[in-house]
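In mature numbering (1 follows the signal peptide of the UniProt record, and there is no 0), the protein residues as written are -24 to -1, 1 to 94.
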């Protein structure tokens, strides 16, 4: 009986040490290699203004940056039977403005423009 009572505190101490988080354990810490500095990204993307009037959509996109942006108009129609449309990609060069149009038969639910770097 004496032996088990003397092992109880040791057992509790071992259990506590084993339940400590890894960072709290005493060990030699190895420094992680530093990542190379990341160059800031250059600004990109045409600025687009969307106008929805009834079932018609008109979007004007202007690219103020040096890289060409390929923009594409997406229209989701409100009625289940009305076909949603994804327009053809149009390249917008530096300092250019393009006009994209589309329509639904009835109401327009949502409109968005996707961008891709050329």
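Note that the Cβ used here is the ideal one computed from N, Cα and C, for glycine as well.
The Cβ atoms of residue 68 and residue 39 lie closer than 8 Å to each other. Residue 74 is bridged by DSSP to 37.
Between residue 93 and residue 20, the beta carbon gap of about 6 Å places them in contact (Cβ cut-off 8 Å). Under DSSP, residue 14 forms no beta bridge with any residue. Considering only 26, 13, 44 and 12, the residue with the shortest C-alpha distance to residue 86 is 26. About 6 Å separates the beta carbon of residue 60 from that of residue 51, a gap short enough to meet the 8 Å contact definition. Here residue 84 has 28, 31, 33, 51, 53 and 54 as same chain residues with Cβ atoms under 7 Å from its own Cβ, once five neighbours each way along the sequence are excluded.
Taking 8 Å as the cut-off, the Cβ atoms of residue 91 and residue 22 count as close. Residue pairing for residue 52: DSSP places it in a beta bridge opposite 86. In the DSSP assignment, residue 46 forms a beta bridge with 67 and 92.
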